[in-house]
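For the sequence shown, the UniProt record's numbering assigns the number 1 to the initial residue and increments by one for each residue that follows. Even for Gly, the Cβ is constructed at its ideal location relative to N, Cα and C. Each remark here refers to the structure printed beneath this line.
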Amino acid sequence: MYSSSCGHIAHPYVRSLLSWIKMDQTSDAFFTCQKNVLLAKNTATHIDNFTSVRGKPFPEEQQALLQQWLEDGAGELHPNECGSKPEKVSVISVTEWQEGPELLMTSLSDLNVSPQSGDMEQPEQRHVVQTEISPALQEFVETTLANLPAEEKEALADNAVWAAVRTQTDSGMVDVAPLSTDVWIEDPAVIAWSPAQEGDMVSTQGAVWPFQNMGQFQPLPLEIPYHEILWRDWEDLSASCISELGSEAGSLFEFRVMSYNILAQDLIEQSPHLYMHCHPDIMNWSYRLTNLLQEIQHWDPDVLCLQEVQENHYWQQLEPALIMMGFTCIYKRRTGRKTDGCAICYKQSKFQLISANPVEYFRPGLDVLNRDNVGLVLLLQPLLPEDLGDKAISPLCVANTHVLYNPRRGDIKLVQMALLLAEIDKIAKMADGSYCPVILCGDLNSVPDSPLYRFIRNGQLYYHGMPAWKVSGQEEFCQTVHQRKLQTPLWPSCLGITDNCQYVTLCQSKKSDRRKYSRAFLLQFRYCDVACERPADLIMLEGVTDAVPDRPTHWPKELTVVNNSDSELFCSRYPGTIQHGLNLTSAYSHFLPERGRPEITTMPMGMGATVDYIFYSAKPIDSGNREYRRMYQDGSLKLLGRLSLLSEDILWSANGLPNPFYSSDHLCLLASFGLEISDC
Ligand code: KL2
């Protein structure tokens, strides 16, 4: 089935992208496969409900343009390679996993359409996989390199991903090789992920998966039904909104927001050890680009916040393709030598740009702002359909960022966040001093309920004395005596940002504008838990390090809180505390009740975590909660639904991230909102 006859279309990437674009409107591959699964499971209602809302056709004219663009060279993606498009296969098989070049040619659209594939999985020949590169793969690499633009060639030349996981089959021509189910494997990636001893030859009989289960290999079916394992449900949350709206139902401007860290190719090449578990072919940019675009096309967001967008890929491929899909795109590259950045794209048919505001976190000379991360804040005017000409709708502020990764430098993360919030404060503040609805997307490199997360969600954080590594909750570090602690003030006043996360120039000192602190919030500062924990390895020096850290005796029993009539305090500055005035809550709950497990959005080195978020403006409810955690209800912006995330165990069973189906080390987040439309 993998005949080697030369097709008239150039590169496998172009072919696969074209095959996707050319597909029938009602059956984009991503959708088709999921729909098939749904039908098989007889749970079609989810998708049917959802697609009735979405699933706009790709206009013919644009399709033709995109096709033209692709045929013209697709943003310099190595043309001239011969080879035919593989026949459709049902899903990727274990054998294909071993068969490098084919996999590249097998875009997502080829991975799921129904089977004439039975034949190909018949065992006919034993493949011995060794840590050598196969002639076919070698040839493929050489052809690819030969056709790459110079800069990509350089990057690939010392691309350790290729060196890290090499496979060899004993058949010279993979193109015509019969496929086998009886595979022996000595793949470093598999060994790294499995309890098997290095050098073990694991007879697979269709079970070569690096599957973590009670310390043993578990046989998996020959076909890995990615789309089934990785199925994501659409959670419809609109029922409560509609009942709440009552007769007003329908007076909402609906739009979908996606946040997606798409994994910059340069970062893969800089840290190949992070992707040892992935077959090199699925890490190829051409392959990933196709999948990523397809996924975006399938879910059809109206606002798309991307992180880790490599600049050359943005200009050469992503922006042109996204424009074809109806987006207008704004890009902000990281500062310094970093090659990636953030983009916000919005559907031209749905929004008009009021302003675009990039935020650079790097400030020369400031230790706490010496990193190259960036953010981007747009103010968008929703466009109402013409028949609603007499109605009014508020602008929408959309922010996107990728906060510093370094788990030890929570101090930097917090200040980066403060800078972004100051910009949002400026952009979202209306003439009357209130805020328009805000949506804050991004990869915050911090987990739910970490101090950074609580800062965003609760609007306030007492940080003084907190070890910097605790801010993001990413990892439990061994505490050292010389650990960095957050000190007051977190940033110098020369930054021009108040500890309310507002630009000084915009800050009015009117009493009525000052922040109010609830008594419950202030009471939590009687002592700060994290600051008082005794480091496990602190050397005991009598009279020096033996002070009881968990209840300093010299601290007052309670802060002297002056109660005013409404039990609230006015306070413009409370040392060791930062706050912001945007009321933000998360579109996701970070927990999957049905599975009883945490949601995860990324899986570095097989460790699942949530670090990506869609926050949105909501109304705080005064719950009188002694434990300071704000409760929210929807305000003028209503959360109507979201695409469910997955749990770590599920992703393990699909070899983690990226895998042949999801082409980033993050999952995309997708939420549907309704913004109230009012009478003029
Ligand atoms: O966690 V990320 O991955 O949001 O997906 O953001 C950063 C990390 C990204 C940009 O800096 O590169 C990844 N170990 C693991 N991952 C790293 C490291 C590292 N030392 N440095 C950067 N990244």
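For the options His277, Leu237, Leu506 and Glu235, the alpha carbon positioned closest to that of Ser653 is the one of His277. Using a Cβ distance threshold of 8 Å, Leu657 and Arg256 do not count as a contacting pair. Pairing Ala392 with Val377 gives a Cβ-Cβ distance that is not under 8 Å. Checking the 7 Å criterion, the Cβ of His313 is out of range of every heavy atom belonging to the ligand KL2. Excluding sequence positions up to five before and after Pro467, its CB lies within less than 6 Å of the CB of Gln483 and Lys485, all in the same chain and listed in chain order. Assigned with DSSP and collapsed to three states, His402 falls in strand.
Glu599 counts as buried, since at least 16 other C-beta atoms from the protein chains shown sit within 10 angstroms of its C-beta. Around the beta carbon of Lys470, 16 or more other beta carbons sit within 10 angstroms, so the residue counts as buried. Classified as buried, Ala321 has 16 or more neighbouring CB atoms from the shown chains inside 10 Å of its CB. Judged by DSSP in its simplified three-state form, Ser636 adopts coil rather than helix or strand. According to the DSSP secondary-structure assignment, Glu269 is paired through a beta bridge with no residue. Linking Arg595 to Gln416 through their CA atoms gives a straight-line distance of about 34 Å. In the three-state reduction of the DSSP assignment, Asp302 falls in the coil class.
In this chain, the alpha helix (DSSP H) harbouring Pro280 covers Pro280 to Met283. Between Val303 and Cys342, the gap from beta carbon to beta carbon reaches 8 Å or more.
For Leu396 and Leu230, the gap between their C-alpha atoms comes out near 32 Å. The DSSP assignment places complete alpha helix (DSSP H) segments of no fewer than 4 residues inside the stretch 436 to 490 at 451 to 458, in order along the chain. At least one heavy atom of the ligand KL2 is found less than 7 Å from the C-beta of Thr602. For Leu388, the closest alpha carbon among the candidates Ala422, Phe253 and Leu419 is that of Phe253. Distances from the CA of Asp266 to each of Trp285, Pro280, Ser259 and His279 were compared; the closest alpha carbon is that of Trp285. The nearest non-hydrogen atom of the ligand KL2 is 7 Å or more from the C-beta of Asn370. By the Cβ test, the stretch 332 to 339 is not in contact with the stretch 282 to 297, since fewer than three Cβ pairs between them sit closer than 8 Å. A residue is called buried once 16 or more other Cβ atoms fall within 10 Å of its Cβ, and Arg629, having fewer, is exposed. Between the ligand KL2 and Ser271, a heavy atom-to-CB distance of less than 7 Å is present. Nearest neighbour of Glu676 by Cα position, chosen from Gly326, Leu383, Thr601 and Ser355, turns out to be Leu383. The beta-carbon separation of Gly635 and Ser238, rounded to 16 Å, does not stay under the 8 Å limit for a contact. Rounded to the nearest angstrom, the Cβ distance from Ile424 to Leu440 is 7 Å, consistent with a contact under 8 Å. As DSSP reads the structure, Pro660 sits in no beta bridge. Asn312 and Ala536 have their alpha carbons spaced roughly 47 Å apart.
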